[in-house]
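Notes follow once the structure below has been shown.
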Amino acid sequence: MCPITAIEAVAVPTGGVKLSEATWTELGETTAEVALVPVGSTEQHGPHAPLGTDTIAAEAVAEAADDRLDEPTTVVAPPVHVGVSAEHRAFDGTLWVSPETFRAYVRESVESLFTHGVDRAVLVNGHGGNVEALAEVARRLSREGAVGWRRRRRRPRPTRGRVHLVRGRR
């Protein structure tokens, strides 16, 4: 079972910007304040499901949240495809990184979003193995004064200067 929170569809999507599909000049013309960062993994989910299931789900939730939010303007960041998944290494196709590498990559990615005018980030996690590392990223950013943070289990309600970790119940 995938540990994410489902967000129901809305009749009238507002939509923000999908970072990977925009040009740098298009982004310069936007007022994106909130970045939705899908975080998944590449690992087995049985013989019937794709290796990218966690990433696909996290990206779908981020895009659904983007459609729901009308204020402030949002940007959906490219997903993090490789997570903390060493426990699945026996299965062909599983990719993983150490918790240290994962934390550094996610933290620096969020910091780079902040340098471009984004002042809030929502980490939309689709893989249970990432939770501890993502919570540490949020705590570290908070300690460094970059942001406050809190762990959310339901819909994100972004507040200024915060990183939110969104995950569901198992």
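Take the sequence shown: its letters are residues 2 to 171, numbered as in the numbering used here.
Every residue, glycine too, gets a C-beta built ideally from N, C-alpha and C.
By the three-class DSSP mapping on this structure, what secondary structure does threonine 102 have? Reduced to three states, the DSSP call for threonine 102 is helix.
Alanine 7 to glutamate 64 span [Cα, whole Å]: Note that alanine 7 scores a pLDDT of 40, beneath 50, so its modelled location is shaky and nothing firm can be said.
Of the choices Ala134, Val98 and Leu142, whose alpha-carbon is the least far from that of threonine 43? Residue Val98 is the option with its Cα nearest to threonine 43.
Three-state secondary structure (DSSP) at arginine 121? Strand.
From valine 35 to glutamate 137, what distance separates their C-alpha atoms? Here the alpha carbons of glutamate 137 and valine 35 stand approximately 20 Å from one another.
Taking the DSSP output, what are the residues bridged to asparagine 126? DSSP output for asparagine 126 lists Val40 as bridge partner(s).
Using C-beta distances below 8 Å, list every residue in its chain close to valine 18, excluding the 5 sequence neighbours before and after it, in chain order. Non-local beta-carbon contacts of valine 18 in its own chain, meaning distances under 8 Å to residues more than five positions away in sequence, involve Glu27, Leu28, Thr31, Ala33, Thr74, Thr75, Val76 and Val77 in chain order.
Buried or exposed (CB count within 10 angstroms, at least 16 for buried), serine 21: Burial call: exposed.
Sorted by chain position, which residues of the same chain lie with C-beta nearer than 7 Å to alanine 61's C-beta, five sequence neighbours on each side aside? There are no such residues.
Nearest-angstrom Cβ-Cβ length linking alanine 50 and asparagine 126, presumed shorter than 8 Å: Going by Cβ atoms, the distance from alanine 50 to asparagine 126 rounds to 18 Å, so no, they are not a contact pair.
If we call anything under 8 Å between Cβ atoms a contact, is valine 111 one with valine 38? Yes, the pair counts as a contact, with Cβ atoms nearer than the cut-off.
Between valine 132 and chain C, is the shortest Cβ-Cβ distance under 8 Å, so that the two count as touching? Of the protein chains in this structure there is only one, and it is not chain C.
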